[in-house]
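This report refers to the structure that appears directly beneath it.
2 protein chains.
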Amino acid sequence: MTKTDSPDPEGLMLPVPGVDYGALDGLLGYALRRAQNALYLDFYRATAEWDVSPQRFAALVLIARNPGMRQGLLGQAMGLHRSGALRLTDWLTAQGWAERRDAPDDARAWGLYLTAAGKRRLAKLEAAVAEHDRALLAALGEQGAALKAGLERLAWVATAQNTAPDNKPRRQKP
Amino acid sequence: MTKTDSPDPEGLMLPVPGVDYGALDGLLGYALRRAQNALYLDFYRATAEWDVSPQRFAALVLIARNPGMRQGLLGQAMGLHRSGALRLTDWLTAQGWAERRDAPDDARAWGLYLTAAGKRRLAKLEAAVAEHDRALLAALGEQGAALKAGLERLAWVATAQNTAPDNKPRRQKP
DNA sequence: TATTGTTATACTCTATAACTATA
DNA sequence: TATAGTTATAGAGTATAACAATA
């Protein structure tokens with residue numbers, strides 16, 4: 001008789017001893033992917049109690065700081081397609097954390113607002129996330145601030161290459 | 001009559017003027033996400049001609065550098081579940097770029113190898129990716145090397161927090 | 001009993017396309 | 001004709017669970 005499979009989450013993109021990573025080890029992009037993978041898992045650990053993904057956390061913050069914002073603007077700020085912003089908003093309203101109200105100046109649009117429950121949830125999440133980030137920066141020491149500045153510059157540089165006038169036609173994401 | 005929707009890829013996680021990002025702007029994790037988003041789109045632009053995702057590119061490199069490697073080891077190296085490694089391998093073999101051969105020492109396992117076509121495709125991809133990375137590093141100047149080192153340290157630090165003996169139980173990825 | 005790989009299934013994320021109502 | 005949001009659908013990506021063959 002075979003044992004029932006144990007849960008097998010993995011997800012840790014650790015370098016495996018004995019595996020040759022070839023060109024990957026030299027790539028800035030691969031280092032970035034490894035770091036993002038590790039931070040993603042760490043974010044989940046830090047917020048395990050509240051079960052909210054980084055994306056949904058970001059949406060809560062944006063709606064809280066920009067009450068009445070349009071669904072489409074939320075999508076634009078988060079790099080999402082309209083349909084993605086719709087599903088994200090659906091989820092937040094289903095949790096009872098956000099609500100759609102008619103926009104006064106445009107009958108086609110909604111204004112998004114956090115509910116009282118949403119504000120309470122966000123307050124807990126923000127505390128956990130801030131503590132998590134603080135612990136990371138502390139572990140990195142003085143390298144931390146430089147790293148954050150470097151990442152911001154990298155985002156800018158990569159975007160500039162992507163939107164340069166003379167580059168090849170852009171392909172859709174898969 | 002309504003116009004047919006034009007394609008609407010978006011995906012650019014640019015800061016939107018007039019939107020207040022609140023706590024997000026201060027978080028290392030959010031800076032990392034923005035950078036990864038920008039680099040991801042830039043990778044696609046640089047490799048548009050060959051239509052291979054970063055993940056599939058990494059799999060090609062790993063199989064090329066570790067001929068005969070097990071499917072499970074590929075998954076482990078890439079942070080994938082067994083079933084994910086299976087689907088990735090299925091896709092690579094369907095393209096005619098990789099093949100499964102019986103492992104000599106274990107009748108349950110496969111050894112993975114690139115085909116001649118797979119090696120040719122990888123050579124083109126590696127050239128494009130290396131050039132892409134070189135351009136990025138050049139744009140970053142002396143900050144580039146420090147950034148890469150910082151990312152590697154960040155991955156290590158976040159993993160250490162995640163696997164520390166006294167932390168809370170880990171939740172599954174969503 | 002544990003491991004390798006498979007099959008089947010499901011959920012999330014994100015896209016495309018076509019549609020409605022409004023501007 | 002363009003925009004805000006919706007619906008329906010599809011494809012990655014990744015997970016769970018149960019299974020067979022082998023170790």
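Chains A and B are the protein sequences, given in the same order. Just so we're aligned: the first sequence equals residues 1 to 174 in UniProt numbering. Just so we're aligned: the second sequence equals residues 1 to 174 in UniProt numbering. Using N, Cα and C, we set each Cβ at its ideal position, and we do this for glycine too. Since we're looking at a predicted model, the values are computed, not measured.
**Request:** Below 7 Å between beta carbons is the criterion; list the residues of the region 86-99 of chain A that meet it against any residue of chain B, in chain order.
**Result:** In summary, no residue of the region 86-99 of chain A has a CB separated from any CB of chain B by less than 7 Å.
**Message:** I believe residue 16(A) touches residue 76(B) by the beta-carbon criterion, under 8 Å. Please report the beta-carbon distance rounded to the nearest angstrom.
**Reply:** Start at 1 with the first residue of the first sequence, and residue 16(A) comes out as number 16. Start at 1 with the first residue of the second sequence, and residue 76(B) comes out as number 76. About 6 Å separates the two Cβ atoms, so the contact holds.
**Asked** Would the beta-carbon of residue 46(B) fall within 7 Å of that of residue 132(B)?
**Response** The residue labelled residue 46(B) in the question sits at position 46 within the second sequence. The residue labelled residue 132(B) in the question sits at position 132 within the second sequence. Closer than 7 Å, so yes.
**Asked** Alpha carbon to alpha carbon, how far is residue 117(B) from residue 119(A)?
**Response** Here residue 117(B) is taken as the residue at index 117 of the second sequence, counted from 1. Here residue 119(A) is taken as the residue at index 119 of the first sequence, counted from 1. Going from the Cα of residue 117(B) to the Cα of residue 119(A) covers about 55 Å.
**Message:** Could you check whether the Cβ of residue 79(A) sits closer than 7 Å to any Cβ belonging to chain B?
**Reply:** Mapped onto the first sequence, residue 79(A) falls at position 79. Interface residue, yes.
**Asked** Whole-angstrom Cβ separation of residue 161(A) and residue 42(B), contact assumed at under 8 Å?
**Response** Mapped onto the first sequence, residue 161(A) falls at position 161. Mapped onto the second sequence, residue 42(B) falls at position 42. About 6 Å; that satisfies the 8 Å criterion.
**Request:** Work out the CA separation of residue 85(A) and residue 156(B) for me, nearest whole Å.
**Result:** As a working mapping, residue 156(B) is identified with position 156 in the second sequence. As a working mapping, residue 85(A) is identified with position 85 in the first sequence. Between the C-alpha atoms of residue 156(B) and residue 85(A) there is a straight-line separation of about 33 Å.
**Message:** Below 8 Å on C-beta distance, what does residue 34(A) contact in chain B?
**Reply:** Translated into positions along the first sequence, residue 34(A) becomes position 34. Those are 151, 152 and 155, listed as they occur along chain B.
**Prompt:** In whole angstroms, what is the alpha-carbon distance linking residue 19(B) and residue 113(A)?
**Reply:** On the second sequence, position 19 is the one that residue 19(B) refers to. On the first sequence, position 113 is the one that residue 113(A) refers to. If you draw a straight line from the Cα of residue 19(B) to the Cα of residue 113(A), it comes to about 14 Å.
**Prompt:** Can you list, in chain order, the residues of the region 122-134 of chain B whose Cβ is nearer than 9 Å to any Cβ on chain A?
**Reply:** Along the region 122-134 of chain B, the positions whose C-beta sits under 9 Å from a C-beta of chain A are 126, 129, 130, 132 and 133, read in chain order.
**Message:** Along the chain, where does the beta strand (DSSP E) containing residue 40(B) start, and where does it finish?
**Reply:** Here residue 40(B) is taken as the residue at index 40 of the second sequence, counted from 1. DSSP places residue 40(B) in no beta strand (DSSP E) but in the uninterrupted alpha helix (DSSP H) bounded by 28-46.
**Request:** In the DSSP assignment, find the unbroken beta strand (DSSP E) run with residue 112(A) in it and report its ends.
**Result:** On the first sequence, position 112 is the one that residue 112(A) refers to. Run containing residue 112(A): 110-114, per the beta strand (DSSP E) assignment.
**Item:** Exposed unless 16 or more other CB atoms sit within 10 angstroms - verdict on residue 151(A)
**Value:** Here residue 151(A) corresponds to residue number 151 of the first sequence, with the count starting at 1. Buried.
**Request:** With DSSP collapsed to three states, give me the class of residue 179(A).
**Result:** Residue numbering for chain A in the displayed model covers 1 to 174; residue 179(A) lies beyond these limits and cannot be assessed.
**Request:** Starting from the beta carbon of residue 21(A), find every residue of chain B whose beta carbon is closer than 8 Å, and list them in chain order.
**Result:** Taking the first residue of the first sequence as position 1, residue 21(A) is located at position 21. Going along chain B in sequence order, the residues near residue 21(A) (Cβ under 8 Å) are 61, 62, 65 and 77.
**Request:** Could you name the residues of chain B that residue 118(A) contacts, counting a contact when the two beta carbons are closer than 9 Å?
**Result:** If you number the first sequence from 1, residue 118(A) lands on position 118. In chain order: nothing, as chain B lies at least about 14 Å away.
**Request:** Evaluate residue 134(A) with the Cβ neighbour count: other Cβ atoms within 10 Å of its Cβ, from every protein chain shown; 16 or more gives buried, anything less gives exposed.
**Result:** On the first sequence, residue 134(A) is found 134 positions in, with the first residue counted as 1. Exposure of residue 134(A) is indicated by the presence of fewer than 16 other C-beta atoms within 10 angstroms of its C-beta.
**Request:** Could you please tell me which residues of the region 137-148 of chain A, in chain order, have their CB closer than 8 Å to any CB of chain B?
**Result:** Within the region 137-148 of chain A, 137, 139, 140, 143, 144, 146, 147 and 148 place their CB atoms closer than 8 Å to a CB of chain B, listed in sequence order.
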